[in-house]
Amino acid sequence: MSVMFVLLPVALLFAGAAVGVFVWAARAGQFDDLETPSVRILHDDD
Amino acid sequence: MPTTEPILAPTTAGAVACAHCGLAVPAAAVDAAAPRQFCCEGCRAVWAILHEHGLERYYALRGGAAPAPAPAADRLYSELDDPGFQGRACRPEPGGLFSTELYLEGVHCGACVWLVEKLPGLVPGVAEARLDLPRSQARVVWDPRTVPLSAIARRLGSLGYTPHPCRGLAAQAARRREDRAMLARIGLAGAVAANVMGIAFALYGGMLDGMEPEFAAFFRWASLLLTVPSLIWGGGVFFRSAWAALSARTLGMDLPISIGLLTGFLHGVVNTVRGSGDVYFDSVAALIFLLLSGRYLQRRQQRAAGDAAELAASLYPTAARLLEDGRVREVPLETLAPGVLVEVRAGDLVPADGVIAAGRSTVDLSLLSGESAPLGVRAGDRVHAGTLNLASRLEVRVERTGLDTRVGRLMALVEEHARRRAPIALLADRISGHFVAAVLTLAAITFALWARIDPSRALDHAAALLIVTCPCALGLATPLAVSAAIGQAARAGFLVKGGDVLEKLTRPGRMWLDKTGTLTEGRATLVRWHGDERVKPLVAAAEAHSSHPLARAFLRALGEPPAGIRVEIMETHGGGIEALADGRRLVVGSPEFVLGRAGESSPALAPALAGAVGALAGEGLTPVLVAVDGRVVAAAGFGDPLRADAGPALDRVRALGWRPGILSGDDARIARAAGERLGLTVPDCRGGVSPEDKLQAVLAGGAEGPVVMVGDGVNDAAALAAATVGIAVAGGAEAALTAADVFVVRPGVGRIAELLEGAGRTMRVVRRNLVFSLAYNVVGVTLAMTGVLNPLVAAILMPLSSLTVILSSYRARTFARADAVEARR
Chain A
74 MSVMFVLLPV ALLFAGAAVG VFVWAARAGQ FDDLETPSVR ILHDDD
Chain B
5 MPTTEPILAP TTAGAVACAH CGLAVPAAAV DAAAPRQFCC EGCRAVWAIL
55 HEHGLERYYA LRGGAAPAPA PAADRLYSEL DDPGFQGRAC RPEPGGLFST
105 ELYLEGVHCG ACVWLVEKLP GLVPGVAEAR LDLPRSQARV VWDPRTVPLS
155 AIARRLGSLG YTPHPCRGLA AQAARRREDR AMLARIGLAG AVAANVMGIA
205 FALYGGMLDG MEPEFAAFFR WASLLLTVPS LIWGGGVFFR SAWAALSART
255 LGMDLPISIG LLTGFLHGVV NTVRGSGDVY FDSVAALIFL LLSGRYLQRR
305 QQRAAGDAAE LAASLYPTAA RLLEDGRVRE VPLETLAPGV LVEVRAGDLV
355 PADGVIAAGR STVDLSLLSG ESAPLGVRAG DRVHAGTLNL ASRLEVRVER
405 TGLDTRVGRL MALVEEHARR RAPIALLADR ISGHFVAAVL TLAAITFALW
455 ARIDPSRALD HAAALLIVTC PCALGLATPL AVSAAIGQAA RAGFLVKGGD
505 VLEKLTRPGR MWLDKTGTLT EGRATLVRWH GDERVKPLVA AAEAHSSHPL
555 ARAFLRALGE PPAGIRVEIM ETHGGGIEAL ADGRRLVVGS PEFVLGRAGE
605 SSPALAPALA GAVGALAGEG LTPVLVAVDG RVVAAAGFGD PLRADAGPAL
655 DRVRALGWRP GILSGDDARI ARAAGERLGL TVPDCRGGVS PEDKLQAVLA
705 GGAEGPVVMV GDGVNDAAAL AAATVGIAVA GGAEAALTAA DVFVVRPGVG
755 RIAELLEGAG RTMRVVRRNL VFSLAYNVVG VTLAMTGVLN PLVAAILMPL
805 SSLTVILSSY RARTFARADA VEARR
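Residue numbers (this note's numbering), protein chains in the order written: chain A, 74 to 119; chain B, 5 to 829.
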């Protein structure tokens with residue numbers, strides 16, 4: 074069971090990385106406009 | 005490149021559809037030999053642009069009709085190239101490029117996104133164009149060495165997307181930054197809550213089956229360390245706000261929240277260090293996450309309404325047409341200086357206070373002063389900024405600009421009163437004071453009781469009580485109900501700018517209404533006709549040649565003139581029109597004009613008509629005479645009639661307990677006549693009031709109770725800002741939009757009652773939520789005082805109560821959804 078002392082910190086590191094990515098995305102404005110990109114993806118040319 | 009659309013698309017009426025906008029092509033414009041038909045030159049030009057650049061896919065992508073191209077094809081947008089404007093509204097980008105935000109009219113679907121983002125291919129020098137569809141806002145990056153911004157704006161305008169510089173960009177950017185920071189906090193708080201909860205499950209398991217002490221200690225320390233960032237970064241929002249409220253000697257919902265969070269955390273720290281007793285880190289983390297989410301939802305709804313009102317304000321002109329050596333140059337309003345000459349075309353707003361140097365026209369004062377009758381002006385007369393030039397081109401010598409104008413001084417009043425408005429204690433804040441007192445008392449009692457029974461457990465039980473009563477559901481009750489209601493209100497056509505507005509609207513008091521444009525149509529309408537009916541077609545035929553507001557009112561009332569009447573205009577100016585219609589000499593205009601020109605034969609008025617003219621004046625109507633071949637045959641009366649829905653709307657408002665009244669800049673007689681028809685008493689109908697008087701009336705009423713002001717003009721703006729709640733109706737001035745708390749997207753007062761009823765339903769939901777969450781707290785307090793509360797019970801109770809409140813808020817129907825398409829615009 075002492076593997077817990079290693080596993081938990083490792084799992085939290087993963088969670089921390091995910092939070093870091095989310096905070097970056099929110100600060101970069103990725104969630105500012107949730108409507109237009111859904112339309113833009115339909116324009117299949119270029 | 006072949007296109008797929010049928011060459012002669014039939015419309016429902018069987019007529020030919022325009023190849024661009026899809027509207028019916030007038031029969032006269034159909035060219036049977038041409039492969040495609042267009043309703044106007046604008047549509048032909050847009051089609052040609054798209055075709056030339058191989059962008060016909062637009063027609064396949066779009067769902068419905070394309071925006072009709074802007075009629076103002078002569079708009080140069082040269083004010084966008086002004087260094088002053090670019091300094092304010094444009095930002096330098098790497099590579100010598102610049103970027104700016106433009107608000108586009110007529111943006112409505114995915115095809116518009118596609119077309120606008122094809123701008124770099126249409127205009128060389130544009131590096132990038134990105135359209136934000138819900139905000140109708142385009143970000144354009146361009147190279148000023150290759151192409152001026154005005155050329156980009158002209159191309160957008162020629163495609164049918166009339167561009168406007170965005171107002172309030174700094175405020176918008178600040179709101180956006182706060183929004184992003186809040187979202188980042190929620191992300192962190194959510195991740196922490198989920199992980200701490202996972203660890204807590206292990207601890208609960210240990211509580212039931214037993215756990216080795218070193219694991220229990222490890223899990224506690226892990227939860228403690230995880231909770232720290234969430235408490236500091238996420239919970240900091242509540243601590244700061246509670247501290248600010250305390251410094252201002254008020255109480256808010258954030259105070260009990262802060263007490264609960266801090267107690268929960270410190271209690272957990274002590275027990276973790278001691279290695280015994282309960283820890284509530286999972287409840288603390290979940291609380292922070294849920295409360296932040298509630299705050300975020302409410303802010304987002306309010307921000308959407310604020311953005312929409314600002315975009316509507318962006319539609320107001322920011323350019324003036326400067327006349328220099330007989331040439332016109334468009335310049336930003338801010339750069340106008342006293343002494344310069346500006347051109348004001350028919351249909352334009354006067355940009356500054358000044359004296360007319362040349363020209364003769366009619367101006368509409370209704371937005372500035374509330375007077376409904378248009379005023380004739382000529383060279384030498386003074387005109388004010390914010391009035392609308394109706395009839396023909398004027399040259400105006402500028403005397404005062406910006407803040408020195410009459411409008412500018414009114415706007416200073418607006419700002420002053422918006423700042424000074426006394427805050428009103430809202431239901432949740434009033435409750436929170438009692439709540440804090442009750443919770444602290446109960447905690448003290450718990451401590452005292454358990455100090456006698458089992459002193460070692462006393463502190464634990466008192467702390468547990470403080471934690472379990474941390475008003476999670478209570479803190480969510482108002483924000484969730486209000487944000488759900490503001491969202492529904494927006495779909496119903498009411499843009500609500502603040503969370504407290506709906507609550508303020510549920511305490512009935514005085515409601516002052518502006519008359520011109522709010523209770524009435526705000527434009528001249530033919531309401532009386534005395535005399536010969538047979539001359540009506542002749543009058544319509546002659547008036548079709550004039551752009552005077554009364555001429556247009558004639559046409560709306562009499563309909564399009566029958567074909568076949570030959571009209572030869574002899575003279576037309578502000579006073580009236582003189583024409584030969586089917587060979588008969590027709591004079592229509594003001595009594596002075598008609599009597600002066602009707603002819604030598606009988607300038608006098610027949611007694612019956614003289615009586616009619618007197619009666620018209622008595623009703624406050626504008627009289628117009630009609631003379632045929634030198635004889636006056638009819639008298640018409642023009643006025644500004646009440647909207648059809650004004651009467652029923654006021655009846656419903658009265659039924660809700662409000663006392664409506666009229667504050668009008670128009671003549672007192674007219675205000676009283678309108679009030680009588682709406683069932684108002686004479687003291688409730690004040691006419692001839694200046695903007696400052698309106699403000700005084702609102703301030704005086706504020707001493708007795710809530711005052712709601714409903715208006716649309718610059719003259720209402722100060723009163724709107726000072727009122728408990730200011731409601732602006734569509735079709736008014738920018739000043740009214742920015743000063744008001746609620747913006748109704750449709751003109752008129754017809755839907756005011758709906759707004760009040762919706763606010764009432766919202767507050768019932770809020771109260772229901774408060775009762776739910778208080779009931780939960782009673783259960784929690786009972787468990788804590790009897791000493792049976794443990795972290796597991798708290799972890800089940802807390803989300804249950806929040807879930808009840810969430811469901812109760814989002815299941816409630818507060819505002820009936822009106823026309824969804826219209827509400828979005």
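All C-beta atoms, glycine included, are put in the ideal place defined by N, C-alpha and C.
(request) Rank B:Gly568, B:Thr790, B:Ala249, B:Ile360 by C-alpha distance to the C-alpha of alanine 831 (chain B) and give the top, closest one. (result) The structure shown does not extend to residue 831 (chain B), since chain B spans only 5 to 829, so no value can be given for it.
(message) Could you compute how far the alpha carbon of serine 605 (chain B) sits from the alpha carbon of glycine 622 (chain B)?
(response) As a position in the second sequence, residue 605 (chain B) is number 601, starting the count at 1. As a position in the second sequence, residue 622 (chain B) is number 618, starting the count at 1. For serine 605 (chain B), the predicted structure reports a pLDDT of 48, less than 50, and the residue's modelled location is therefore unreliable. The matter cannot be settled from this model.
(request) Might you give, ordered along the chain, the residues of its own chain that have their beta carbon closer than 7 angstroms to the beta carbon of methionine 574 (chain B), omitting 5 neighbours on each side? (result) Residue 574 (chain B) sits at position 570 when you count from the first residue of the second sequence. Counting only Cβ-Cβ distances below 7 angstroms, and skipping sequence neighbours, we find Glu582, Ala583, Leu584.
(request) Answer with buried or exposed for proline 98 (chain B), where buried requires no fewer than 16 other C-beta atoms within 10 angstroms of its C-beta. (result) Taking the first residue of the second sequence as 1, we reach residue 98 (chain B) at position 94. That one is exposed.
(message) For the structure I just gave you, are there three or more beta carbon pairs, one from the region 775 to 788 of chain B and one from the region 746 to 754 of chain B, closer than 8 angstroms?
(response) no
(request) Would you check if the distance between the CB atom of glycine 762 (chain B) and the CB atom of alanine 820 (chain B) is smaller than 9 angstroms? (result) Here residue 762 (chain B) refers to the residue found at position 758 when the second sequence is read from its first residue. Here residue 820 (chain B) refers to the residue found at position 816 when the second sequence is read from its first residue. Yes, these two residues count as a Cβ contact at 9 angstroms.
(request) Taking all protein chains shown into account, decide if threonine 104 (chain B) is buried (16 or more other Cβ within 10 angstroms of its Cβ) or exposed. (result) As a working note, residue 104 (chain B) is residue 100 in the second sequence. Classification of threonine 104 (chain B): buried, given that the 10 Å Cβ count is 16 or more.
(request) Label methionine 713 (chain B) either buried or exposed according to how many other C-beta atoms from any shown protein chain fall within 10 Å of its C-beta, with 16 as the threshold for buried. (result) Here residue 713 (chain B) refers to the residue found at position 709 when the second sequence is read from its first residue. By the 10 Å Cβ count, methionine 713 (chain B) comes out buried.
(message) Any beta carbon from chain B within less than 9 angstroms of leucine 81 (chain A)'s own beta carbon?
(response) Translated into positions along the first sequence, residue 81 (chain A) becomes position 8. Cβ-Cβ to chain B under 9 angstroms: yes for leucine 81 (chain A).
(message) Buried or exposed for histidine 465 (chain B), going by 16 or more other Cβ atoms inside 10 Å?
(response) Translated into the one-based positions of the second sequence, residue 465 (chain B) becomes position 461. Buried, because 16 or more other Cβ atoms sit within 10 Å of the Cβ of histidine 465 (chain B).
(request) Can you pull the chain B residues whose beta carbon is under 7 angstroms from the beta carbon of leucine 115 (chain A), in chain order? (result) Numbered from its first residue, the first sequence carries residue 115 (chain A) at position 42. Simply Gly114.
(request) Have a look at B:Asn199, B:Gly191, B:Phe219 and flag the residue whose alpha-carbon is nearest the alpha-carbon of methionine 77 (chain A). (result) Within the first sequence, residue 77 (chain A) is the residue found at index 4, counting from 1. Here the closest residue by C-alpha is B:Phe219.
(message) Short of 9 angstroms Cβ to Cβ, which residues in the region 128 to 140 of chain B face chain A?
(response) Arg134, Leu135, Asp136, Leu137, Pro138, Arg139
(message) Checking 9 angstroms against the spacing of the C-beta atoms, do valine 151 (chain B) and glycine 125 (chain B) come in under that value?
(response) Mapped onto the second sequence, residue 151 (chain B) falls at position 147. Mapped onto the second sequence, residue 125 (chain B) falls at position 121. No, the pair does not count as a contact, with Cβ atoms beyond the cut-off.
(request) Run the proximity test for leucine 126 (chain B): is its beta-carbon closer than 8 angstroms to any non-hydrogen atom belonging to the ligand COA? (result) In the structure on display, the ligand COA does not appear, and there are no ligands present to speak of.
(message) Taking CB distances under 9 angstroms as the criterion, tell me whether aspartate 311 (chain B) reaches chain A.
(response) Locating residue 311 (chain B) in the second sequence gives position 307, where the first residue counts as 1. No, aspartate 311 (chain B) lies away from the interface with chain A (no Cβ there is under 9 angstroms from its Cβ).
(request) Assign histidine 271 (chain B) to one of three DSSP states: helix, strand, or coil. (result) By 1-based counting over the second sequence, the position of residue 271 (chain B) is 267. Here histidine 271 (chain B) sits in helix by DSSP.
(message) On the criterion of 16 or more Cβ atoms from any shown chain inside 10 Å, does arginine 171 (chain B) qualify as buried, or is it exposed?
(response) In the second sequence, counting from the first residue as 1, residue 171 (chain B) sits at position 167. Buried: at least 16 other Cβ atoms inside 10 Å.
(message) Buried or exposed, going by whether 16 or more other CB atoms sit within 10 Å of the CB of isoleucine 449 (chain B)?
(response) Along the second sequence, one-based indexing puts residue 449 (chain B) at 445. Exposed: under 16 other Cβ atoms inside 10 Å.
(message) Tell me which residues share the same chain as arginine 397 (chain B) and place their Cβ nearer than 8 angstroms to its Cβ, disregarding the 5 neighbours each side in the sequence.
(response) The residue you call residue 397 (chain B) lines up with position 393 of the second sequence. Cβ within range, chain order: Glu347, Val348, Arg349, Ala350, Gly363, Ser365.
(message) Taking CB distances under 9 angstroms as the criterion, tell me whether leucine 86 (chain A) reaches chain B.
(response) Translated into positions along the first sequence, residue 86 (chain A) becomes position 13. It does not; no Cβ of chain B falls within 9 angstroms.
(request) Give the straight-line distance between the Cα atoms of alanine 740 (chain B) and histidine 552 (chain B), rounded to the nearest whole angstrom. (result) On the second sequence, residue 740 (chain B) is found 736 positions in, with the first residue counted as 1. On the second sequence, residue 552 (chain B) is found 548 positions in, with the first residue counted as 1. Distance between the alpha carbons of alanine 740 (chain B) and histidine 552 (chain B): 27 angstroms.
(request) Kindly indicate the opening and closing residues of the beta strand (DSSP E) around isoleucine 471 (chain B). (result) Position 467 of the second sequence, counted from the first residue, corresponds to residue 471 (chain B). Unbroken run through isoleucine 471 (chain B) is the alpha helix (DSSP H), 459 to 472; no beta strand (DSSP E).
(request) Give the single residue among B:Gly715, B:Ala198, B:Arg299 whose Cα lies nearest to the Cα of phenylalanine 231 (chain B). (result) If you number the second sequence from 1, residue 231 (chain B) lands on position 227. A small fix is needed here, since residue 231 (chain B) is threonine in this sequence, not phenylalanine. Checked all of B:Gly715, B:Ala198, B:Arg299; the closest Cα to threonine 231 (chain B) is B:Ala198.
(request) With a cut-off of 8 angstroms on the beta carbons, I'd call alanine 546 (chain B) and leucine 590 (chain B) a contact; round off their distance for me. (result) Taking the first residue of the second sequence as position 1, residue 546 (chain B) is located at position 542. Taking the first residue of the second sequence as position 1, residue 590 (chain B) is located at position 586. That belief holds up - the Cβ atoms of alanine 546 (chain B) and leucine 590 (chain B) are roughly 5 angstroms apart, short of 8 angstroms.
(request) Identify every run of the alpha helix (DSSP H) within the region 375 to 404 of chain B, keeping only runs that are complete inside it and at least 4 residues long; order them along the chain. (result) none
(message) When you compare the CB of valine 76 (chain A) with every CB in chain B, is at least one pair closer than 9 angstroms?
(response) By 1-based counting over the first sequence, the position of residue 76 (chain A) is 3. Not an interface residue.
(request) Return the CA-CA distance between arginine 765 (chain B) and arginine 560 (chain B), expressed in angstroms with no decimal places. (result) Along the second sequence, one-based indexing puts residue 765 (chain B) at 761. Along the second sequence, one-based indexing puts residue 560 (chain B) at 556. Distance between the alpha carbons of arginine 765 (chain B) and arginine 560 (chain B) is about 40 angstroms.
(request) Return no unless some Cβ of chain A is closer than 9 angstroms to the Cβ of phenylalanine 285 (chain B). (result) On the second sequence, position 281 is the one that residue 285 (chain B) refers to. No, because no Cβ of chain A sits closer than 9 angstroms to the Cβ of phenylalanine 285 (chain B).
(message) Check whether chain B comes within 9 angstroms of alanine 99 (chain A), counting only Cβ atoms and requiring the distance to be less than that.
(response) Numbered from its first residue, the first sequence carries residue 99 (chain A) at position 26. At least one chain B Cβ lies under 9 angstroms of alanine 99 (chain A).
(request) Let me know the secondary structure DSSP gives isoleucine 114 (chain A) once reduced to three states. (result) On the first sequence, position 41 is the one that residue 114 (chain A) refers to. Three-state result, isoleucine 114 (chain A): coil.
(message) How far does the alpha helix (DSSP H) with isoleucine 841 (chain B) in it extend, from its first residue to its last?
(response) Here chain B has residues from 5 to 829 only, and residue 841 (chain B) is not among them.
(message) I need the straight-line Cα distance from asparagine 275 (chain B) to aspartate 282 (chain B), nearest angstrom please.
(response) Mapped onto the second sequence, residue 275 (chain B) falls at position 271. Mapped onto the second sequence, residue 282 (chain B) falls at position 278. Spanning the two alpha carbons is a distance of roughly 7 angstroms.
(request) Kindly identify the DSSP beta-bridge partner or partners of aspartate 368 (chain B). (result) Reading the second sequence from its first residue, position 364 is the one you call residue 368 (chain B). Beta-bridge pairing links aspartate 368 (chain B) to B:Leu392.
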